[in-house]
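Heads up, the thing below is written out as structure tokens.
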Amino acid sequence: MSHFEPNSNEGQITPYRKILPVFYEAFKKVDFNMIFGYVKHDGDSFFTDNELEYIDKSAFDKAFNSFKYDTESLSSDYEFESLNEKDKRSRIYRLMWVLQTKTDKFINRFLDAIFSDYVWIVKKIKGVYENHNEDTKIFLNTLHDMQRNNELHSDYNVHRTDAYLTLCDYLRLLKNEGGDSVVLHGELRSGKKWLAIDVCCDYLVMKKMNFKIYWIDCLNCARPHGDYNALKSLMIQLNPDYVFQDHTEKITTLKLDIEHLLQSEEFNKCLLVLANVQNVKAANVFSFGCKRLIITRHRKVHDSEKFKYKMSLDCHQGLDLCEFYLLLDKYIEWDWRESKLSQANDIYHSISGDPYTLTIIAQQILNEENSNWTEWKKSLHKIPILDEQLIEDINNTLQMLSPGHRQLFATLSIFPHFVKIPAQLLAVLWAMELNEAKKILCEFQKTSLLQIEIPDHDHESMICSLKYFYSPYISNCPTMKSQIDVQQLHRGVVDYYKIGKHLEYRKEVDLYFGPPFDDYFFRSIGYHLHGAKYMHLFPKLYKDLVFLGHKMRRLGLDNTISDLNIYKSDILDDSPETLLDDLVLLLTNIEEELLNEPICYLLQYASQSDKDSIRELALQQIARFPQHEWCESREIIITDKRTRRYAVNLLEKLNPVERKLYATLSIFPYFAKIPNELLSVLWKVEPIRACNVKSKFLATGLIALLEDETKICLQYVLSSYIKNELNKRYYIDAQQLHRDVLDFYTRNHWLAEDYYYRWIGYHMLGAKLFHRFPNTYMDLHFLEKKMRNVGLANTILDLNHYELHLSIDGGPRNLLNHVILFLTKVEKVLLQDAYGSLIDYALKSEEDGIRDLAQQKMDCVQRCLEVSILTEACQIIRFLDSDTCIAYRRDNQLFFLYDINLRKHLQPIVLMSHPPEDELIDIKIFNANQHLLTMDSKGQLMFWKFSKELRHILHDRRNKTIIHFKQFIVECKLLQNISNLLSQPVAAFRLEGDHKLLVALDNGDIVELDWKSEDLLEIESYMTCQTEIQHIKCVSSIQHSHWMVLNSNDKDTIDIEFINKHNKRKESINLKWPQNLSKFIYHEANGNDILLVFEKSIVRLKVKCKPFLVRAAVTLFETSDFNITCAKSSLRHKYLVVGSDRGLYLFDLDKRCEPMRSLIDENINSIDIYDTNDKDYACKVICCTE
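According to the UniProt record's numbering, the sequence shown holds residues 1 to 1186 in order.
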């Protein structure tokens, strides 16, 4: 009886998600980018950002394939698709997989969204939804049976896209005749069976097999009785009414009957899935001339020449990172991405995406919201293996080893999980030659007991790693434990690295433990010291500042601090507990500098610590090496042969263009956290191209990804190579690249953060811009920002390091000493006061030099602005060029042209003799001073064009041609009344470039207009949104995806809305406005930053568009002393100039602070700013006063 009937009011309803797989072939014919555009631009109501990222995950960004296959066996039958086709195919499948998690209501909305462009596919889907065809009925029944038999798979499976598509391709290649087979190979618990189930649920695969797929477990097919039981299970699936014979001749007869059935028309297209195949003989039991999928973890089966197509899941890759996120989503009900993303990434990379281990971690460790994700390794070690089948599999595998090799394998129980063990170390523990140890390790790999790697940097070395589930097994198995002396083995590891000897007889500052690139020592030596009960070595090693420096260089700060905390009691010995806290604080403060400085740097830095315990510890260690030059300059790291070979092998994976791009990274300091946005600047490519190249570097191991994936860093061992060799080979103009970095931050000052303030001196030095050092490092505003971003220690370090350049004008060292002392004194109070200013503290300083620096900064701010005052009775004024402005006088409604050159008296020239009918409230000049927009008090928006006489005047002035100031009329022709075009009065407008205009109407409509041609002769409306918002004060586009609309009523109640341009819906925001906001004056939107000026306050909003989020409104300034009347910002120079009834005020937008200076005392009506390239003045300001 059918499980599924056609959908009807009487029958059972089959949800859309069940029938969507039927339409994969139809979706292949659509333009995926168009469909994805619908859901992407409407992401607030369709998919989440995580789902969109998953769907759009490109094949180009894959670091490695998660599988390997024998392409030679395919060449004659199948030509693999191009990368573009594969990318489109992958994304279509992921789109359908996401849709299959949704409700019918959701899928209906999706179908409605694509209906206008793809009527045929929507009608086809809805037709099958309402009335199933025969194939759909059979598919649903077959799928139901398979999911019923594999409920865990249905609930927790994660689609492994690349492996899924490859296995689908293989199965669809199988022919009905000839007994073609696909072998799916993978190690124990690598996810072979779940992948096979997933693929067998694919509609196209099912249809290729005529919807007949039969599973047989071949685990016990080693003896005739096991063969018979497996054959019997197959016959029951083929013919449940079959009458089995007695014991005699039963296998031969049964095989003949099965073969006869499989050759019939009903079954000749079917697929046999043989699971747990132990050897080729077991597979041959089912040689009936039909299609087979053979699942095995035995390499000999995979390597057999009997099978045509072969595919191997690579245990190194497992799930990719995005698939791991989806796995966590299935087990964890709370939003872990908000706070646990970096820990999740650490877990994933630590175990190379192994699906079984990740499942155990997600299921038993991370699922509680209060679980400690940083302690996952410790928690994992305590979890017993409860899977009886797994225990049996492990036992069977170990029985394949000789007793001697089983004893050697037992020694691996002393090693922690997820570490890469050097073969050289195991050879010593096993008391044998290295080559012999390598052969044994290879034998272990053949039986899937461990995985071997050959490091790229050293092809003669070998490292191995143990799968998670073997560690707890051999650690807790009494038989295995009885064969080894655990404590003695731990002592063997410690002795191998000769720790006691090196510490006792050390003559040099540096330490040497084992071969180069052996990170195992730094990662696990504490674990072995504890197991060996060598407690006396803990304080000697973990208090050694050179050892800690090496450990941080190799493994980073987190790993170092983790060890200090884990072995705290052993390290302290008789020392006070505060020593370790002081040590952690020291390492945290110096992390960035330490990674780029000589080996002895940590000792030098610690010797100057303000903590007595740290300083005493450092001085004791320094005293052991009186021959060392402790004040020597920074050491030059020489690239050794192994490092060079390692670098060359990695770089061979790049093409010449990519190698040259990689060489540009030589300008960055070792281990600097490089922001992603700098890459496209250096490489002079689009951000998307830079992202693709970065992904390639990441995949090849040339860089590491940091924090929230917004920064990268170089490998320590590669830094010296590209600095000393690679950049010479490709001729990298380092000086120009350093200048490019500085220019980038000059143009994009709002992006200046940790990296900029930490490394600006380094880049100025590389750019040879020595003259900038005094202006930068003696600027109190810069020093304040540097202290707030990277701390006092880094600030003082730079001041000392660049001392020679800071005194380039012959300035005394005394001033530098006073600055350092001043910064040290005010550090605590400054960093606690978010609104405090270093300049304010400096003005109160007792040192004359510090007060002078503060006063110079105040004077500099005033000097950088050239302020001109227009005392005529004008209400609006706007710059035309640096020395000319246009002004509007309300009393007789005239426009005037003004010369504002400081060396001449202001001279008016009448611009227009035909005044507007109503009082103007705003004017905008654009398109290279050719056009004018005016808005009057009745909401009339007029579009004008200046005659060529205006351009002649401006041209003559720029060329310093003498102009006789006689009164004449420059024609300004009215081109269009835009309000008439829109049929509504205009409430607010904003120019979005020279060809686009954004208008808000009185009735709440938002309209975008565009001029069709370069001469702006024809205008058209192309986007309208009905918002019903009343009393609109301003409107702006945000990040090309949203409109911002600010409105306030007569009672000055302020409200703001953000509208999605694509779906015309208002975003849901929960914004708490500051109190007592009054009359709106001015706004500026720059990227994600929105500045709003009101009569009594200045407010800033930060907006994130994907996903949409408005952070709290921050009040930059609030006053009751005066009323703001007008304002204008200078984006290039980061200033906001504000006019008020008490004069002119200047604000630095980088800081939340009081205005720097009240420049003029008059009542200001209107204001404008002009950014110049003048060497004396950065900005010119023109204002009208009453």
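Glycine residues also receive a C-beta, built at the ideal position from the N, C-alpha and C atoms.
Within the continuous alpha helix (DSSP H) that includes residue i, where are the two ends?
{"i": "Met787", "result": "780-801"}
{"i": "His530", "result": "519-532"}
{"i": "Trp1043", "result": "From DSSP, Trp1043 is part of no alpha helix (DSSP H) but of the beta strand (DSSP E) over 1042-1048."}
{"i": "Phe547", "result": "545-555"}
{"i": "Trp759", "result": "754-766"}
{"i": "Ile1090", "result": "That residue, Ile1090, is in no alpha helix (DSSP H); its beta strand (DSSP E) goes 1089-1094."}
{"i": "residue 1188", "result": "Here the chain has residues from 1 to 1186 only, and residue 1188 is not among them."}
{"i": "Lys438", "result": "434-446"}
{"i": "Met480", "result": "478-481"}
{"i": "Tyr542", "result": "537-542"}
According to the Cβ coordinates, are residue i and residue j closer than 8 Å?
{"i": "Leu548", "j": "Leu511", "result": "no"}
{"i": "Tyr468", "j": "Ile365", "result": "no"}
{"i": "Ala275", "j": "Trp334", "result": "no"}
{"i": "Leu319", "j": "Leu358", "result": "yes"}
{"i": "Lys420", "j": "Ser465", "result": "yes"}
{"i": "Leu20", "j": "Leu111", "result": "no"}
{"i": "Phe286", "j": "Leu272", "result": "yes"}
{"i": "Phe538", "j": "Leu545", "result": "no"}
{"i": "Val1010", "j": "His1031", "result": "A small fix is needed here, since residue 1010 is Asp in this sequence, not Val. Not closer than 8 Å, so no."}
Thinking C-alpha only, which one of the options is nearest residue i?
{"i": "Leu165", "options": "Val205, Cys477, Asn176", "result": "Val205"}
{"i": "Met1044", "options": "Ser1078, Pro1074, Val1007", "result": "Val1007"}
{"i": "Pro763", "options": "Ser465, Ile667, Ile712", "result": "Reading off the sequence, residue 763 comes out as His, not Pro. Checked all of Ser465, Ile667, Ile712; the closest Cα to His763 is Ile667."}
{"i": "Asn1086", "options": "Leu1101, Phe1094, Gln1075, Arg624", "result": "Leu1101"}
{"i": "Cys1184", "options": "Ser1140, Asp582, Phe1147, Phe1058", "result": "Ser1140"}
{"i": "Glu847", "options": "Gln856, Val819, Glu866, Asp563", "result": "Val819"}
{"i": "Phe415", "options": "Asp346, Arg506, Ile474, Leu792", "result": "Ile474"}
{"i": "Arg990", "options": "Ile923, Ser947, Thr1027", "result": "Ile923"}
{"i": "Tyr224", "options": "His1062, Glu265, Gln930, Lys281", "result": "A small correction: the amino acid at residue 224 is Pro; Tyr does not occupy that position in the sequence shown. Minimum Cα distance to Pro224 is reached at Lys281."}
{"i": "Cys200", "options": "Tyr497, Leu140, Tyr325", "result": "Leu140"}
{"i": "Glu1162", "options": "Ala988, Glu1186, His502", "result": "Glu1186"}
{"i": "Lys291", "options": "His1083, Met432, Tyr309, Val685", "result": "Tyr309"}
Using the three-state DSSP reduction, which class does residue i fall into: helix, strand or coil?
{"i": "Ser1166", "result": "strand"}
{"i": "His225", "result": "helix"}
{"i": "Gln451", "result": "strand"}
{"i": "Asn980", "result": "helix"}
{"i": "Thr71", "result": "In this prediction, Thr71 has a pLDDT of 36, which is less than 50 and means its spatial position is unreliable; what the coordinates show is noted afterwards. It is helical."}
{"i": "Val1007", "result": "strand"}
{"i": "Gln407", "result": "helix"}
{"i": "Val1181", "result": "strand"}
{"i": "Tyr497", "result": "coil"}
{"i": "Ile19", "result": "helix"}
{"i": "His3", "result": "Here the model assigns His3 a pLDDT of 42, short of 50, so the residue's position is not dependable, and the following value carries that caveat. It is coil, neither helix nor strand."}
{"i": "Ala1127", "result": "strand"}
{"i": "Glu1186", "result": "coil"}
{"i": "Asp852", "result": "helix"}
{"i": "Arg659", "result": "helix"}
{"i": "His1083", "result": "strand"}
{"i": "His417", "result": "coil"}
{"i": "Val183", "result": "strand"}
{"i": "Tyr331", "result": "helix"}
CB of residue i to nearest heavy atom of the ligand MN: below 7 Å?
{"i": "Ala618", "result": "The model on display carries no ligand, and the ligand MN is accordingly not part of it."}
Could you check how far apart the C-beta atoms of residue i and residue j are, in whole angstroms? I think they sit under 8 Å.
{"i": "Ile876", "j": "Ser1166", "result": "5 Å"}
{"i": "Leu780", "j": "Ala842", "result": "5 Å"}
{"i": "Ile499", "j": "Tyr542", "result": "Incorrect: roughly 11 Å between the Cβ atoms, too far for contact."}
{"i": "Ile1182", "j": "Leu870", "result": "6 Å"}
Compare the C-beta of residue i against all C-beta atoms of chain B and say whether one is closer than 8 Å.
{"i": "His771", "result": "As a matter of chain content, chain B is missing from the structure shown, which is built from one protein chain."}
In the DSSP assignment, find the beta strand (DSSP E) that holds residue i and state where it starts and stops.
{"i": "Arg878", "result": "876-881"}
{"i": "Asn50", "result": "Looking at the DSSP string, Asn50 is not in any beta strand (DSSP E); the run it does join, the alpha helix (DSSP H), is 49-55."}
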